[in-house]
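The structure appears below as structure tokens.
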């Protein structure tokens, strides 16, 4: 092989020493003198050996430099070949590098904490939340007996809250609460000031906070003496303790401008303390596995279950998992899928270039044979081929970096929200190193077959032949077709699934509905009466909007996003014993003003809608979704029933209607049962955050938005708000599947183009090779049509082989895809049949031109040419 | 190693010429040069071996360990095909050079 050729031919130091020793012995023997005299004649054995070594010192570099010069010279003579090969590789490597940079943070890059792979997320799993949590008494217990498995344990209060800087230049910030030892558990230092201390979390301690690096630069100009400065947070003074490290991220990935020490209530004299919902994180001790840590928590888990309401106990599990798994969640499988797709694309690109190299080698057959007969060893020729592959791959990788940069910019701007860490994707040193690694792999892939062929080069009786056998190239093309088939199939399945998702019944009408999300300032609207007054006025003004048909307020909106939930078994029905056993799952509910069902056009199937009078009725009215009504009242007698969500101590509600189900938990899962409660102007219904929903016809989104903005500004000029049409909101339902499907479609399209080019190239080459053959056949009476169908028939056989290989690969891919698909089976025959049709049609088109060229061969000229 | 009319090229020429008779080891080559030139040419042994390795690196000759008539282990060199072509080329240019020098001397 080439590399061994570069390195092994060099005689070893031992060879040189032995060679000179032999010389001295022979000289002494021949001249009949002693060793010293012989040495004197040689004139310094050491110096001679040094000179011999010098001869070989840069031999390998010279060999490489010679090959590089030779290759550059060849490229100058055939610039088309070099340009095509480099462009193809740039495409493959650029796409792969860009994709790597996007999934790197999800799959590979270490967490931004020292020894971050030993940080675990610890807690209970229950149906009410997608992530594990700890209740504050459990955490305090965990803290007290910090188990043997952990070096440190910490918690962050679940969720962040909005908080207002109420000083000059007021600003709305996000505040997080965490245990005082958060930074020390993560092993991160503060950027300035001091870390939190245990005293900071004690009741009655002076209020302190860590501020984010960004806030520090923005408001304090990066002042190193910021510690001890005061800021007014929601009207109360808070002292700055220190500054969070630059690029700090909470283990929950929530963003926060301030981290305040959480204060957890301790149980007082046997009475249970109020519980706080926490996220627990722990650092493993060295040498302990995740499984061992989980096992060590079993006893504690049994204790924890005692704090869990009995109905939950069967559904609660202990979960201990690496922090990365928690952060990345279900994005991981999507990331692997895209990476596999781009890997297939790169492979197809490499095969194309390998085919180009083989074709060119066949054209250079004579030259290579001459070089071989001039004494170039086979190893030397293989070295030359490998040098060329390396140079192609390196050039492709360099050009590919530009493509990768564009790919990353484009994808980050197109990507839907909620893909973890995507915004951080960038082309940095790590990504460049990955690109270099990929280039090396590509070089080996493209050089492999040509190198193998050249190693079988023979010069036999003046008739030269390269080892490039046609079947090698067929095999390459068949591989390409197989990969393209699998890629196209996956992409089509995802696109069909996407279509299913987008046509899924929402249960409400999104057209002409505008929404505004409004959150009132905590300090300014402290009293419930203020909140009620604001929203009443807002509703009043919004009802005069141009073309308005219905307006309403709601605390949440379908089909995605945070909603209020309750536990099925905690909904009492008057006159029935309360249901025992499990939780019965979760029920979604919304607090809405009477126009809500009209605004969203949610049909009523039984009873009536809310009326304005319901707002002042002594007993709140409620409307059940069909699903909930059927489950609670299978006999259909829901109307007029009295329910008490939340159980003992909560008010009774009266059922006034049953509505059609709406989609409320995202795209793929079955919707949860749901109910609506009328929102009344009373303190217990008052909220700071609401959605305004306006259905209006005949006005553009811009007009309505501008009108609403002006009206809201009239009420409170400082109020921040976000507008969105309901259509856009519903579109987010399929945002991530759409992103994945279109990415894959782009890759599949490129793969198809590359595979078609590859097939066309091989077919062209074969037609050229067989010009004489074709000429003979035509001279013997074959018509151009016969020749054309002959070429097409042969291409058809390669396509069939490739598709057969691809079917196996596609079957394996489909198994993996199942969990991404919605409403279409991975082995859906129609989809695969269409894919096969598209693939064969494109490939046959690619062969048409070479086939026509074959048919136009002039038999006389073909026969005369040799 | 490209110029055919340098002192190094002279050494190269006599080495290649010697090896034309068949594979030989370094000492054998030195001995042969001395004997056939009737001791006019006395090979600098210190530069003989680097020259052999230069030729080996240029692939004009190859080397292989073998056993001498006196049952001694030695590194045997033999000419390659490019080596033979090289020899032909420097023989020609060397011939041209000596011919040129001879003519100048005749006219002087």
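Protein chains in written order, with this note's numbering: chain A, 463 to 1328; chain B, 9 to 116.
Beta carbons are placed, not taken as given, at the ideal position from N, Cα and C, and that holds for glycine.
These figures come from a predicted structure and were not determined experimentally.
Of the residues the options, the one placed nearest residue i, counting alpha carbons only
i, options, result
"residue 1034 of chain A", "A:1094, A:1077 and A:1014", "A:1094"
"residue 1334 of chain A", "A:980, A:1084, A:816 and A:626", "Because chain A spans 463 through 1328 in this model, residue 1334 of chain A falls outside it and cannot be assessed."
"residue 809 of chain A", "A:473, A:667, A:1212 and A:576", "A:1212"
"residue 1277 of chain A", "A:588, A:952, A:738 and A:649", "A:952"
"residue 913 of chain A", "A:895, A:934, A:901 and A:896", "A:934"
"residue 895 of chain A", "A:499, A:558, A:475 and A:549", "A:558"
"residue 20 of chain B", "B:88, B:106, B:32 and B:98", "B:98"
"residue 1230 of chain A", "A:1218, A:707 and A:1315", "A:1315"
"residue 964 of chain A", "A:1148, A:1060 and A:1193", "A:1193"
Interface flag, residue i vs chain B, CB-CB below 8 Å
i, result
"residue 490 of chain A", "no"
"residue 845 of chain A", "no"
"residue 504 of chain A", "yes"
"residue 804 of chain A", "no"
"residue 477 of chain A", "yes"
"residue 955 of chain A", "no"
"residue 886 of chain A", "no"
Span separating the alpha-carbon of residue i from that of residue j
i, j, result
"residue 750 of chain A", "residue 611 of chain A", "6 Å"
"residue 786 of chain A", "residue 573 of chain A", "7 Å"
"residue 1181 of chain A", "residue 766 of chain A", "43 Å"
"residue 470 of chain A", "residue 506 of chain A", "Residue placement at residue 470 of chain A is poorly supported in this model, since its pLDDT is 46, which falls under 50; the coordinates still yield a value, given next. If you take the alpha carbons of residue 470 of chain A and residue 506 of chain A, they lie about 27 Å apart."
"residue 537 of chain A", "residue 1244 of chain A", "40 Å"
"residue 996 of chain A", "residue 1177 of chain A", "8 Å"
"residue 1250 of chain A", "residue 1223 of chain A", "16 Å"
"residue 671 of chain A", "residue 1024 of chain A", "28 Å"
"residue 191 of chain B", "residue 846 of chain A", "Because residue 191 of chain B is not part of the residues shown, which for chain B are 9 to 116, the question remains open."
"residue 855 of chain A", "residue 844 of chain A", "16 Å"
"residue 754 of chain A", "residue 613 of chain A", "14 Å"
"residue 1028 of chain A", "residue 788 of chain A", "25 Å"
"residue 576 of chain A", "residue 606 of chain A", "25 Å"
"residue 552 of chain A", "residue 848 of chain A", "18 Å"
"residue 739 of chain A", "residue 1298 of chain A", "53 Å"
"residue 498 of chain A", "residue 484 of chain A", "14 Å"
Contact set for residue i: own chain, Cβ-Cβ below 6 Å, skip 5 residues either direction
i, result
"residue 511 of chain A", "478"
"residue 1246 of chain A", "1317"
"residue 1285 of chain A", "962"
"residue 923 of chain A", "Residue placement at residue 923 of chain A is flagged as unreliable, the pLDDT there being 35, under the threshold of 50; a coordinate-derived value is accordingly withheld."
"residue 514 of chain A", "478"
"residue 682 of chain A", "688"
"residue 1185 of chain A", "978 and 1167"
Cβ-based neighbour list, residue i, same chain, cut-off 7 Å, excluding 5 preceding and 5 following
i, result
"residue 1321 of chain A", "1237, 1240 and 1241"
"residue 11 of chain B", "For residue 11 of chain B, the predicted structure reports a pLDDT of 49, less than 50, and the residue's modelled location is therefore unreliable. A value from the coordinates is still provided. Within the same chain, residue 11 of chain B has close Cβ partners 17."
"residue 53 of chain B", "38"
"residue 696 of chain A", "625, 626, 628, 984 and 985"
"residue 665 of chain A", "725"
"residue 564 of chain A", "870, 873, 884 and 887"
Residues near residue i in its chain [Cβ-Cβ closer than 8 Å; skip 5 each side]
i, result
"residue 1074 of chain A", "1056"
"residue 1004 of chain A", "1010, 1013, 1154, 1156, 1170 and 1173"
Chain A contact for residue i (CB, 8 Å cutoff)
i, result
"residue 114 of chain B", "no"
"residue 117 of chain B", "The requested residue 117 of chain B does not occur in the structure, where chain B is confined to residues 9 to 116."
"residue 35 of chain B", "yes"
"residue 11 of chain B", "Reliability of the predicted coordinates at residue 11 of chain B is poor, the pLDDT of 49 falling under 50, and the value obtained from them is presented with this limitation in mind. With 8 Å as the cut-off, residue 11 of chain B does not count as an interface residue toward chain A."
"residue 20 of chain B", "no"
"residue 94 of chain B", "no"
"residue 58 of chain B", "yes"
"residue 72 of chain B", "no"
"residue 54 of chain B", "yes"
> If you pair each beta-carbon of the stretch 53-73 of chain B with each one of the stretch 1296-1313 of chain A, do three or more pairs fall below 8 Å?
Replying inline: no
>> I'd like to know if the stretch 1256-1275 of chain A and the stretch 944-952 of chain A are in contact, where contact means that at least 3 CB-CB pairs between them fall below 8 Å.
In response: yes
>> With three or more beta-carbon pairs closer than 8 Å as the criterion, would you say the stretch 1011-1027 of chain A touches the stretch 1163-1177 of chain A?
In response: no
>> Using a Cβ distance threshold of 8 Å, determine whether the stretch 655-672 of chain A contacts the stretch 768-780 of chain A, with at least three qualifying pairs required.
In response: no
> With a cut-off of 8 Å, do at least 3 Cβ pairs link the stretch 903-915 of chain A to the stretch 586-597 of chain A?
Replying inline: no
> If we count Cβ pairs, one from each stretch, closer than 8 Å, do we get three or more for the stretch 1279-1297 of chain A versus the stretch 812-827 of chain A?
Replying inline: no
> Looking at C-beta atoms only, is the number of pairs between the stretch 66-79 of chain B and the stretch 515-533 of chain A that lie closer than 8 Å three or more?
Replying inline: no
> Does the stretch 1060-1074 of chain A come close enough to the stretch 1115-1129 of chain A that 3 or more CB-CB pairs lie under 8 Å?
Replying inline: yes
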